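Student: Below is a structure I'd like to ask you about.
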Amino acid sequence: MISQEQLNALYDAEVVDQGGEKVGTMGQVYLDNKTGEPAWVTVRTGWFGGRRVFVPLSTAEIVHTQIRVPYSTAMIKGAPDIPCDGHLSEDDEQDLFEYYVVDDGPAPSA
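Each step along the sequence shown adds one to the number in the working numbering, with nothing skipped, and position 81 is 86.
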């Protein structure tokens with residue numbers, strides 16, 4: 006699991022897709038409603054970071070100063086439009102779990 010300290014060090018880090026292409030930059034960290042652990046990050050995409058989309062941390066890995074996710078840029082940019090207003094509702098979080106086809110909650114620690 007990616008720790009809060011690791012994420013703090015990566016503020017504005019590049020988020021790259023499964024092919025190593027830059028999708029955008031990391032924005033905010035959101036906590037899982039059940040565990041309180043970091044579970045999602047927003048990615049600022051498009052011109053001047055105009056759109057923000059959510060990506061799960063349970064499938065991400067930190068490599069140097071990048072956050073790598075196992076999704077295509079098109080899939081990330083096609084994620085549901087969910088307001089980045091400081092809290093994810095349980096319904097919004099469930100929509101994201103279903104969209105990214107990840108288990109309901111963070112992956113166990115290695």
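Cβ atoms here follow ideal geometry from the backbone N, Cα and C, with glycine treated the same way. None of these values were measured; they are calculated from a predicted model.
Measure the Cβ-Cβ separation of T107 and S63 and say whether it is below 7 Å.
Tutor: Working through the sequence shown from its first residue, we reach residue 107 at position 102. Working through the sequence shown from its first residue, we reach residue 63 at position 58. One point to set straight first is that residue 107 is Val, not Thr, in the sequence displayed. Contact annotation: V107 and S63 have beta-carbon atoms nearer than 7 Å.
Student: Within this structure, are the beta carbons of V34 and L15 separated by less than 7 Å?
Tutor: Numbered from its first residue, the sequence shown carries residue 34 at position 29. Numbered from its first residue, the sequence shown carries residue 15 at position 10. Contact: no.
Student: Let me know the alpha helix (DSSP H) ranges lying completely inside the region 16-91, each 4 residues or longer, listed in chain order.
Tutor: 78-82
Student: Which residue's Cα is closest to the Cα of A18: R73, V58, G24 and A44?
Tutor: Residue numbering aside, residue 18 sits at position 13 when the sequence shown is read from its first letter. For A18, the nearest C-alpha among the options comes from R73.
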